[in-house]
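Enquirer: Let me give you the structure first, and then I'll get to my questions.
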Amino acid sequence: MLIQSRFPLKALQQVSLKRFNSSSLNPTIKNQLSNPPPIGSIIEARGFVKSIRSSKKVGFVDITDGSISNNLNIVLQGPDQPKFKVGQSIVVKGDWTVGKGKQPFELKYNPENPQHAITILGDVTDDYPLQKKATSMSFLRNFPEIKHRTSTLGSFLRLRSHLEFKLMEFFQSRDFIKVTPPLITSSDCEGAGEVFKIEPLNPKEPFFGKNAYLTVSTQLHLECLALALNRAWTLTPCFRAENSNTTRHLSEFWMLEAEISHVDNMDQVTTFTEDMIKFVTRSLVESSHSTELSDLGAGNGNDYLNGTYIEKDVVQSRWSNILSAERWPRMTYTEAIEYLNKTLPQDEQLIWGDSLQLKHERLLAEKSPIFITDYPESQKPFYMLKSANYKAENPTVACFDLLVPEFGELAGGSMREHDYQVLLANMKQENMNIEDMEWYLNLRKQGTIPHGGFGLGFERLISYLAGYDNVRDISAFPRMDQLNVKEQQEFQQIVEQKQMKDFMNLYSNLVSRCFDDCVNDFTSNSLTSKETSCIAKCSEKFLKHSERVGQRFQEQNALLMQQGPK
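Everything in the sequence shown is counted per the working numbering, starting at 86 for the first residue and increasing by one.
If you want it as structure tokens, here you go:
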């Protein structure tokens with residue numbers, strides 16, 4: 086039976102349009118640049134003052150609202166220009182016109198036009214820290230409440246939002262269900278003991294009847310949901326009380342985790358992981374090449390690469406490397422040890438069973454992303470399935486770590502042990518509390534199936550794709566061991582001081598070389614025009630050379646900061 090609606094179709098259409106039309110909100114600068122109003126129309130624009138330039142007859146104010154990396158140029162006409170301060174939030178009402186400079190559009194304010202107006206919504210103090218001058222990232226970390234107004238840190242947040250949207254699109258198109266596993270748990274999934282215990286302020290007895298912790302991984306609960314839904318994924322915060330003071334670790338971070346039912350081998354999981362990373366990377370390349378948006382300077386890939394601290398050549402190289410037409414290579418742990426021993430000096434040789442360090446990971450991933458598979462059983466958690474080529478003398482499990490160039494580990498996964506007796510034996514061998522894990526064990530009794538999954542540190546993915554290798558600035562409000570933070574800050578100052586000392590020594594040597602090459606008579610009190618010209622040309626060469634040297638120092642600085650203080 087066809088049920089007739091009490092509302093006419095036209096009325097329903099109007100309700101639908103009204104519901105999804107964003108005109109009830111004030112337009113963002115991104116919206117105004119990507120969907121520009123008619124030229125000559127009077128509009129309002131809102132944002133923070135980013136920079137100010139003025140002359141006797143005309144002034145320019147760049148404003149930004151964070152919705153996009155691009156600024157909107159405000160042209161102030163006439164001699165009586167209002168005075169602004171960098172950081173103020175303002176509303177400007179003026180004529181929308183075609184831009185005369187690099188920007189496609191600009192807003193012209195004329196104080197003699199009664200329809201034009203400027204309102205200061207919020208003033209700033211005279212010591213507002215985000216002025217239009219070079220600042221270090223360590224300086225910005227002192228202002229967590231406003232640091233995201235900078236181009237670099239704002240672009241990280243926009244990149245994060247874009248990647249989340251694309252990941253949802255990727256998983257949705259492959260029949261995955263997004264789920265929300267608990268963040269409070271009674272188990273340590275990784276078995277490393279690096280958990281945060283939670284309890285009431287005045288604990289008399291355990292609030293939950295047993296000890297409870299913030300999760301280090303949602304994998305165990307995600308397996309339970311995936312076995313019911315076939316394929317499940319999540320993106321949630323995880324917490325680890327690990328004493329790692331590197332630029333790749335946080336105490337609170339976001340983990341993308343996926344569990345896949347009915348996979349028969351590890352290659353299916355690695356290929357899926359590769360496809361996922363290529364999908365989101367391709368979306369960045371495609372958005373940066375979008376004619377419609379890049380012509381307007383709005384919403385394109387550069388929106389995710391904007392800022393002083395982002396090296397676009399590095400980013401483009403990483404994107405191209407990820408999107409290689411060939412499948413990323415696979416190499417077993419045993420093969421990796423053999424390969425490294427051919428490369429490493431004699432006093433750094435590895436034996437089977439050694440853990441791979443960061444320098445080893447970088448050697449293995451020197452040319453392209455690479456999957457290292459089948460690690461020693463002793464290095465991995467209890468839930469991993471034994472390798473297909475399992476050997477008693479060198480026992481391995483069906484797992485992988487994804488290593489990427491210049492960075493190291495990005496993701497890790499495994500086939501999960503689905504046999505009850507084997508899993509129970511693994512847990513007993515690890516001296517685990519079987520009673521607490523009974524619910525997880527029972528999954529192997531009730532219609533067990535082969536399954537596998539992986540986890541990926543979301544801040545690491547953003548960091549790698551942005552070409553900025555410090556996850557502490559990728560996280561909006563990073564949480565980490567405060568003792569290590571102080572140690573890291575002191576170490577960074579030492580690194581920066583050493584870099585400056587090395588650069589000044591080089592500068593002194595090159596300037597001396599210029600005089601040695603150009604000046605014939607050092608006893609003379611003046612230089613000839615020929616000598617002056619020679620020194621000028623030599624200095625120009627030095628400036629070009631210093632750019633390359635400065636780049637090398639930056640790379641050395643980044644490497645030292647990644648390794649952290651010893």
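Even for Gly, the Cβ is constructed at its ideal location relative to N, Cα and C.
(1) Compare the Cα-Cα distances from S154 to each of H503, K115 and P466 and report the closest residue.
(2) Find out if the Cβ-Cβ distance for the pair G207, S174 is shorter than 9 Å.
(3) For G532, which option in S119, S271, H347 and N198 has the closest C-alpha, if you only look at C-alpha atoms?
(4) Would you tell me roughly how many angstroms separate the C-alpha atoms of N516 and E523, rounded to the nearest one?
(5) Rounding to the nearest angstrom, what Cα-Cα distance links D521 and N296 in this structure?
(6) Taking 8 Å as the limit between beta carbons, can you name the residues of its chain near I269, skipping five residues before and five after?
(7) Check whether the region 447 to 462 and the region 477 to 486 touch, using three or more Cβ-Cβ pairs below 8 Å as the test.
(8) Under 8 Å: do the region 159 to 169 and the region 188 to 200 share three or more Cβ pairs, one atom per stretch?
(9) Span of the alpha helix (DSSP H) holding V556?
(10) Quick check on the DSSP output: the alpha helix (DSSP H) that includes G438 runs from which residue to which?
(11) Taking the DSSP output, what are the residues bridged to R316?
(12) May I have the straight-line CA-CA distance separating T265 from P229, to the nearest angstrom?
(13) Over what stretch of residues does the alpha helix (DSSP H) that includes R138 continue unbroken?
(14) How far does the alpha helix (DSSP H) with T419 in it extend, from its first residue to its last?
(15) Under 9 Å, do F543 and F338 count as touching if we go by C-beta distance?
(16) Out of S139, H201 and F145, which one is the CA nearest neighbour of S126?
(17) Where does A551 sit, in a helix, a strand or coil, going by DSSP?
(18) Quick test of your reading: L215 and I231, contact by CB under 8 Å. State the CB separation rounded to the nearest angstrom.
(19) CB-CB under 8 Å to N350, same chain, minus the five flanking residues each way: which ones, in chain order?
(20) When burial is assigned at 16 or more other CB atoms within 10 Å of the CB, is F224 buried or exposed?
(21) For the alpha helix (DSSP H) holding G239, just list the boundary residues, first then last.
(22) With DSSP collapsed to three states, give me the class of D360.
(23) In the DSSP assignment, what residue or residues form a beta bridge with H536?
(24) Could you round the C-beta distance between V556 and R545 to whole angstroms and report it? I think they count as a contact, below 8 Å.
(25) Apply the 10 Å Cβ neighbour rule to N156 and answer buried if 16 or more other Cβ atoms are within range, or exposed otherwise.
(26) Using 8 Å as the cut-off, can you tell me whether the region 325 to 336 makes contact with the region 357 to 376, which would need three or more C-beta pairs spanning the two stretches below that distance?
(27) Write down the C-beta distance between T366 and L408 rounded to the nearest angstrom, noting that I regard them as a contact closer than 8 Å.
(28) Can you give me the Cβ contacts of A317 inside the same chain, cut-off strictly under 8 Å, excluding the 5 residues immediately before and after it?
(29) For E423, count the other beta carbons within 10 Å of its own beta carbon; 16 or more makes it buried, fewer makes it exposed. Which is it?
Expert: From the atom records:
(1) K115
(2) yes
(3) H347
(4) 14 Å
(5) 11 Å
(6) I283, F293, A297, Y298, L299 and T300
(7) yes
(8) yes
(9) V556 to I559
(10) It is not in any alpha helix (DSSP H) - G438 carries neither H nor E in the DSSP assignment.
(11) I345
(12) 29 Å
(13) No alpha helix (DSSP H) contains R138, which is instead part of the beta strand (DSSP E) from I127 to S139.
(14) Y418 to T428
(15) yes
(16) H201
(17) helix
(18) 6 Å
(19) A473, A483 and M500
(20) exposed
(21) S236 to Q257
(22) helix
(23) S346 and R501
(24) 6 Å
(25) buried
(26) no
(27) 6 Å
(28) F261, I262, K263, V264, L307, L310, A311, A343 and E344
(29) exposed
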